[in-house]
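Enquirer:
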Amino acid sequence: MQVHSDPVPHVQPKVHQSFCWPIGTKIQLLPRTRRLELDFVQLLEQRQTRRVFSEPLENDTLGEFLWLACRNRSSRSSPFGIDQESRVHPSGGAMHPVHTLVCRNSGPWTRYDPIQHALFELSESTNSAKSSREAACKILEVDRGILIGLVAEPGRTAAKYENPATIVWRDAGVVLGYMSLVAEALGLAFCPLGISGQPYLTDYLTKGDELEAVGLAVLGAD
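With the numbering used here applied, the sequence shown corresponds to residues 310 to 531, in that order.
Pasting the structure below:
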């Protein structure tokens, strides 16, 4: 196992320029407005990885899932060139380097915007989505499941910390953990995959190190 140096805050903050994502068609999602009645202890007891995705997931349900698992609650200005955010899940230094991509069937990737609670189509991403789905299908039967890709923007965390790599990977794990609990609470099937999605998840966007694939998962209704 590779040994990483511990992350340490910079003495002087660095300024990060956010990655410029291609902006395509916008799909506005609806928030979860109904109360979610559940016993949290029971939820923890019954949560499990579910691998049957026999029914298509409606946009309303997808919106509820992303609202509960990924949305931005507030932002504040910072000396790092980007806003620090308060989302429903924690992140090292409130830098939130992990972006969530969503793909249905044979379509292109869409990127979830946690502030607008909307999906934006990523142009020229159809081949990437196809390669990602093919990789996922080598592990399990995706069927009608929605493919979720996690893409990290390491520069966000690097603006605050030296040796940021372990924070970025831990953040990706936190996102998957929150998604697994929210999926269980909503009665959905959810399965994180043991592959990162590199390089096909990011190569169409950049040839540099601005982005890094940090996980794939499948979400759906069983």
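Glycine is no exception: its CB is placed at the ideal position from the N, C-alpha and C atoms.
Please read all numbers here as calculations on a predicted model, not as lab measurements.
1) Let's test the definition: count the other Cβ atoms within 10 Å of the Cβ of G372 and tell me whether it reaches 16, buried, or not, exposed.
2) Using 10 angstroms around the beta-carbon of G524, count the other beta-carbons present and answer buried if the total reaches 16, otherwise exposed.
3) Does the beta-carbon of I332 have 16 or more other beta-carbons within 10 angstroms, so that it is buried, or is it exposed?
4) Following the continuous alpha helix (DSSP H) through P463, name the residue where it begins and the one where it ends.
5) Suppose you measure from the CA of G402 to the CA of Q393; what does that come to, to the nearest Å?
6) What do you reckon, are the CB atoms on L528 and A492 nearer than 8 angstroms?
7) V361 and D512 look like a contact to me (Cβ under 8 angstroms); what is the Cβ gap, rounded to whole Å?
8) By Cβ distance below 6 angstroms, which residues in the same chain neighbour M310 in space, the five residues on each side in sequence not counted?
Expert: In this structure, then:
1) It counts as buried.
2) Counting the other CB atoms within 10 Å of its CB gives G524 a total of 16 or more, which places it among the buried residues.
3) exposed
4) P463 to A467
5) 8 angstroms
6) The criterion of a C-beta distance shorter than 8 angstroms is satisfied by L528 and A492.
7) Not confirmed; about 31 angstroms, so no contact.
8) For M310, the predicted structure reports a pLDDT of 45, less than 50, and the residue's modelled location is therefore unreliable. A value from the coordinates is still provided. Hits under 6 angstroms: none found.
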